[in-house]
Amino acid sequence: MTEEGTLSILKLENRLQVRYASNNPHTMDRQSSTCTDAEHLGELLHQCGVDPWSIHQAFAELQQAGFTVLFIVLSAAQMEETSFMRADAGDTTTVDGEPLWGMRKGMRARLLEQKERNETTR
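Written as structure tokens, this is what we have:
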């Protein structure tokens, strides 16, 4: 069993915040993870099955923009061995009374459309 999702990485002052969101809007929210340095982030991305070129590209985008998004496909084993990929047991976060996953669903849809446009122009 595999799951498609989005891995977003945000460069903060002295750390990197990594969050996984499934493309399936009905899955539970995931906990974010904090990486203390580039080496830790590289290990985490490698553990998620991201190829070396994409890891290099992600670091370049982080350095330039401070944010990057990776589209990934994970196996059940990868999700189980990566602790922050497990579903969050807490309450679902809401914004203006709407579950946050509902807002992210629209954002993911726009990102997927952009990805498809980029692939067709290559």
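First residue of the sequence shown? That's 3 in this note's numbering, and the numbers climb one at a time after it.
For every residue, glycine included, the Cβ atom is placed at its ideal position computed from N, Cα and C.
Note that the coordinates shown come from a computational prediction; the quantities given were computed from them, not determined experimentally.
TODO: Compare the Cα-Cα distances from Ala40 to each of Gln33, Leu12 and Ser34 and report the closest residue.
DONE: Here residue 40 refers to the residue found at position 38 when the sequence shown is read from its first residue. Ala40 has its Cα closest to that of Leu12, out of Gln33, Leu12 and Ser34.
TODO: With a 10 Å radius around its C-beta and 16 neighbouring C-beta atoms as the bar for buried, classify Thr29 as buried or exposed.
DONE: Taking the sequence shown and counting its residues from 1, one reaches residue 29 at position 27. Thr29 is exposed by the Cβ-count criterion.
Open item on the list: So for Arg119, helix, strand or coil by DSSP?
Closed with: Looking up residue 119 in the sequence shown gives position 117. Correct three-state label for Arg119: helix.
Open item on the list: Against chain D, does Leu72 count as a neighbour if the rule is that its beta carbon must be under 8 Å from one of theirs?
Closed with: The displayed structure is made up of one protein chain only, and chain D is not part of it.
Open item on the list: Short of 6 Å in beta carbon distance, which residues of its chain neighbour Gly68, apart from the five on each side in sequence? Order them along the chain.
Closed with: The residue given as residue 68 occupies position 66 in the sequence shown. Excluding positions up to five away in sequence, the list reads Lys13.
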